[in-house]
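The numbering used here numbers the first residue of the sequence shown as 1 and each following residue consecutively.
Built from N, CA and C at the ideal position, the CB exists for glycine as well.
From a predicted model like this one, the values you see are computed outputs, not experimental measurements.
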Amino acid sequence: MNPYRKQFDASTAFPFEYVYRDSKSAQNELPDHLHDWHEIVYIYSGSGTFFIDQTFVAAEPGDLLLIPGNTIHRSFPDAVDPKLSTALFFSGTLVHGSTLGDTFSYMRCFELAKRQRRYKLLTTDAEREQIESFIESIHSEHKDKTPGYRHASLIQLQQLLLLVNRMMSATEQFQAASSIAPHWMTSILAFIDKNLGEPLGLAQLAARAAVTPAHFSRLFKKLTGLNVTEYVTTKRIIRAKELLAETDSPIAEIAQLCGFESLPHFHRMFKKMTGLTPARYKKI
Numbered sequence: 001m002n003p004y005r006k007q008f009d010a011s012t013a014f015p016f017e018y019v020y021r022d023s024k025s026a027q028n029e030l031p032d033h034l035h036d037w038h039e040i041v042y043i044y045s046g047s048g049t050f051f052i053d054q055t056f057v058a059a060e061p062g063d064l065l066l067i068p069g070n071t072i073h074r075s076f077p078d079a080v081d082p083k084l085s086t087a088l089f090f091s092g093t094l095v096h097g098s099t100l101g102d103t104f105s106y107m108r109c110f111e112l113a114k115r116q117r118r119y120k121l122l123t124t125d126a127e128r129e130q131i132e133s134f135i136e137s138i139h140s141e142h143k144d145k146t147p148g149y150r151h152a153s154l155i156q157l158q159q160l161l162l163l164v165n166r167m168m169s170a171t172e173q174f175q176a177a178s179s180i181a182p183h184w185m186t187s188i189l190a191f192i193d194k195n196l197g198e199p200l201g202l203a204q205l206a207a208r209a210a211v212t213p214a215h216f217s218r219l220f221k222k223l224t225g226l227n228v229t230e231y232v233t234t235k236r237i238i239r240a241k242e243l244l245a246e247t248d249s250p251i252a253e254i255a256q257l258c259g260f261e262s263l264p265h266f267h268r269m270f271k272k273m274t275g276l277t278p279a280r281y282k283k284i
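Written out as structure tokens, the structure reads:
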């Protein structure tokens, strides 16, 4: 299994995990990871940069980052002042419930972040106090494990998501992506997304960017944390998962649409990255 794919138990009755007030330096930060669960990251102190899908986001104290499931992402902490943060991971199935006759959805914030590719939410002092309170309550419940602690944690998570959605509805608090990457890099990332069915080797991409393959490879790895082959393959698997879930297209057709040169290669890479065969994934 690829080391950059974070594993969660898809069959658990309580699809929720968290990492509390964790400080990582650039030397021990986890590599890029990909998972089906959604992720909320709150920054207490320090700084760094996040690569999320095609964007680069500067992280500062008080920032809240929304990372939709099935999205390539990596955190790059500042070498001098690494960030202190809490990350919450959960499956969308955990918070889906009755609409209660309302159009509101807890997951709207992630849908909007993904659609606009804007993942960083600015917060006020009052909002930070509320966010930290919800996180502390979740941590206390999991630490004490008194009867009903999972239900209590879910309530706190729902309150946090309610706050985030209301913040987004009230004002334009999403901040645009940072500009730490050269224009050719952001253009190439967009090009890859739109052309997953076409050849996307290092030589072709470097020529399109009008830089040498060596320079392209070095900067691509530095900014995204993945080499070109790893990144393109991961993007293709993400697209294949979407097509398997949303269409009735045959698996062989999906493999071709996603740029895999053969069906056996598609099966091998899909199983390696998801732990499931394409046919099994389509049934869940």
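Compute the beta-carbon to beta-carbon distance between residue i and residue j, rounded to the nearest angstrom, for a pair I have assumed lies under 8 Å.
| i | j | result |
| --- | --- | --- |
| leucine 122 | isoleucine 138 | Going by Cβ atoms, the distance from leucine 122 to isoleucine 138 rounds to 22 Å, so no, they are not a contact pair. |
| isoleucine 67 | glutamate 39 | 4 Å |
| threonine 277 | phenylalanine 270 | 7 Å |
| proline 213 | leucine 202 | 5 Å |
| tyrosine 119 | leucine 65 | 5 Å |
| leucine 160 | isoleucine 180 | With a Cβ gap of about 29 Å, leucine 160 and isoleucine 180 do not count as contacting. |
| histidine 73 | phenylalanine 104 | Histidine 73 to phenylalanine 104, Cβ: 26 Å. No contact. |
| glycine 46 | phenylalanine 76 | Their Cβ separation, rounded to whole angstroms, is 12 Å, which puts glycine 46 and phenylalanine 76 out of contact at 8 Å. |
| histidine 35 | phenylalanine 14 | Between phenylalanine 14 and histidine 35 the Cβ distance is about 16 Å, and since that is not below 8 Å, they are no contact. |
| alanine 279 | isoleucine 251 | 7 Å |
Answer with buried or exposed for residue i, where buried requires no fewer than 16 other C-beta atoms within 10 angstroms of its C-beta.
| i | result |
| --- | --- |
| threonine 124 | exposed |
| alanine 245 | exposed |
| glycine 101 | exposed |
| glutamate 253 | exposed |
| glycine 97 | exposed |
| glutamine 54 | buried |
| isoleucine 284 | exposed |
| threonine 224 | buried |
| serine 249 | exposed |
| valine 211 | buried |
| alanine 190 | exposed |
| glutamate 141 | buried |
| lysine 272 | exposed |
| threonine 12 | exposed |
| threonine 274 | buried |
| valine 228 | buried |
| valine 57 | buried |
| alanine 59 | buried |
| alanine 79 | exposed |
| arginine 268 | exposed |
| serine 23 | exposed |
| serine 262 | exposed |
Got a sec, what are the start and stop residues for the beta strand (DSSP E) residue i sits in?
| i | result |
| --- | --- |
| histidine 267 | Not the beta strand (DSSP E): histidine 267 falls in the alpha helix (DSSP H), residues 263-274. |
| leucine 66 | 64-67 |
| serine 75 | 73-77 |
| threonine 49 | 48-52 |
| arginine 291 | Residue 291 is absent from the structure shown; the chain starts at 1 and stops at 284. |
| glutamate 17 | 16-23 |
| alanine 292 | Residue 292 falls outside the range modelled here, since the chain spans only 1 to 284, and no answer is possible. |
Compare the C-alpha of residue i against each of the options and name the closest.
| i | options | result |
| --- | --- | --- |
| glycine 259 | Ile284, Thr233 and Leu202 | Thr233 |
| aspartate 63 | Ala87, Val80 and Leu34 | Ala87 |
| methionine 107 | Ile72, Thr93 and Lys120 | Thr93 |
| glycine 69 | Leu257, Phe16, Glu127 and Ala279 | Phe16 |
| arginine 287 | Ser133, Glu230 and Leu257 | Only positions 1 to 284 of the chain appear in this structure, which leaves residue 287 out of reach. |
| arginine 128 | Glu242, Pro147 and Tyr42 | Tyr42 |
| glycine 197 | Glu60, Leu243, Ala113 and Lys114 | Leu243 |
| methionine 185 | Thr99, Lys272, Gly275 and Ala207 | Ala207 |
| arginine 117 | Trp37, Thr71 and Glu230 | Thr71 |
| arginine 21 | Ile188, Asp36, Phe8 and Lys83 | Lys83 |
| lysine 241 | Lys282, Arg218 and Pro199 | Lys282 |
| valine 164 | Ala79, Ala113 and Glu230 | Ala113 |
| isoleucine 192 | Ser169, Arg280, His183 and Lys235 | Lys235 |
| proline 182 | Lys222, Arg280 and Ala126 | Lys222 |
| valine 285 | Phe56, Tyr231 and Arg150 | Lying before the first or after the last residue shown, residue 285 is absent from the chain, which here runs from 1 to 284. |
| alanine 126 | Lys143, Ser91, Met167 and Arg115 | Met167 |
| glutamate 230 | Ser133, Leu200, Ala209 and Lys143 | Leu200 |
| serine 217 | Ile188, Lys194 and Asp78 | Ile188 |
| cysteine 109 | Ser169, Trp37 and Gln204 | Ser169 |
Which residues bound the alpha helix (DSSP H) around residue i?
| i | result |
| --- | --- |
| histidine 38 | It is not in any alpha helix (DSSP H) - histidine 38 instead sits in the beta strand (DSSP E) that spans 38-45. |
| isoleucine 192 | 183-194 |
| phenylalanine 134 | 125-144 |
| serine 85 | Careful: serine 85 lies outside any alpha helix (DSSP H), inside the beta strand (DSSP E) at 84-90. |
| alanine 210 | Note, alanine 210: premise wrong, no alpha helix (DSSP H); not H, not E. |
| alanine 252 | 251-257 |
| leucine 34 | Element bounds for leucine 34: n/a, residue is neither H nor E. |
| leucine 226 | Taken as a continuous stretch (DSSP letters only), leucine 226 belongs to no alpha helix (DSSP H), as it is neither H nor E. |
| alanine 279 | 278-283 |
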